[in-house]
Amino acid sequence: MLSGNFLNASGTNLKVNFEFSSISKDVTPPKVNSVSAKLHATTFFSSAPMTQLPNLGSRVKHQGTPSLTYSTTTPVPMRPDTQLTWEDEAPASRRDSGYDSAFWNEGETSESDDTQRNRKASKYNVHRYATLDVPFSLPTSNSKLFLPTFYSCLSARAYILHLTLSVGPMNTNINLSIPIQVAVENTYDHIDDDELPSFDAAVAEAEEADVDLHLQPRLMQVPDARFQGNSVLPGYEDMRMRAQVAVA
């Protein structure tokens, strides 16, 4: 959320959910070594009205007047707590009844032996879950200004946060692309619809304010010393000289 003058931004939080599947509980889940991010800003513009949102869905490249783009990338500092707390999920404790619908309906359903073995093996997998909180804020400075996300007929601005997670002993990179909506805080007081005056009431209030302005008392005081002695009305000679200068 940007401030009203676009110079400051409030922080937000991303949640990245992990799921680790293993055959045994003795297998240790990988650690998150580092997190880095880049904010990709794209401005879409066209000389003809755009018939669809330019950053959603597949772009029509062969239309009469395709929209053009201008993109910039800004590094975003990230310092999250990479210590994850994994939650275990035990395998299903219910025993297999031995009933197989495919056996009783051979004419309707047929599966290969490999598929059946994989299905049975999946019952004994151990699943673990963890969530990584990634707080971040827009890198505001005097040299860079972020516009809010907007869409219009001829132009639009959209943002995507490219998040890179370095995981495991081999520093394997996991790349995530997250759409970001940049908004601006409201600088005006919120007024409910019930509190809005009617048109007649607004006109009467404006007329009353004009009357009060004319009836306000005036303050009469002695002019300043530098204006005393030289504030005289112009004479006829002065008016005649001004008329001659204007004709000339």
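Each residue of the sequence shown is one higher than the last, beginning at 389 in this note's numbering.
Think of the CB as a built atom: it goes at the ideal place given N, C-alpha and C, for glycine as much as any other residue.
Computed from a prediction, not measured in an experiment: that's the story for all the values here.
What are the partner residues of residue i, as DSSP defines its beta bridges?
{"i": "E407", "result": "Y517"}
{"i": "F524", "result": "T400"}
{"i": "P567", "result": "I548"}
{"i": "Y458", "result": "T431"}
{"i": "Y539", "result": "A544"}
In angstroms, rounded to a whole number, what distance separates the CA positions of residue i and residue j?
{"i": "T519", "j": "A594", "result": "58 Å"}
{"i": "V423", "j": "P465", "result": "9 Å"}
{"i": "I568", "j": "L551", "result": "12 Å"}
{"i": "T461", "j": "F534", "result": "12 Å"}
{"i": "S398", "j": "L526", "result": "8 Å"}
{"i": "M389", "j": "T537", "result": "11 Å"}
{"i": "A571", "j": "M608", "result": "52 Å"}
{"i": "A589", "j": "L603", "result": "21 Å"}
{"i": "N434", "j": "Y458", "result": "According to the sequence shown, residue 434 is Ser rather than Asn. The alpha-carbon atoms of S434 and Y458 are separated by roughly 11 Å."}
By a C-beta neighbour count over all protein chains shown, 10 Å radius and 16 as the cutoff for buried, is residue i buried or exposed?
{"i": "M558", "result": "exposed"}
{"i": "S524", "result": "A small fix is needed here, since residue 524 is Phe in this sequence, not Ser. Classification of F524: buried, given that the 10 Å Cβ count is 16 or more."}
{"i": "A425", "result": "buried"}
{"i": "S455", "result": "buried"}
{"i": "V599", "result": "exposed"}
{"i": "V522", "result": "buried"}
{"i": "V591", "result": "exposed"}
Can you round the beta-carbon distance between residue i and residue j to whole angstroms, since I take them to be within the 8 Å contact cut?
{"i": "I566", "j": "L553", "result": "In fact, because the Cβ distance is near 12 Å, the residues do not count as touching under 8 Å."}
{"i": "R516", "j": "E475", "result": "6 Å"}
Exercise. Is there contact here, the stretch 425-435 with the stretch 403-411, by at least three beta-carbon pairs under 8 Å?
Worked result: no
For this session: Determine, using beta-carbon pairs with one atom in the stretch 433-443 and one in the stretch 535-546, whether at least three such pairs fall under 8 Å.
Result: yes
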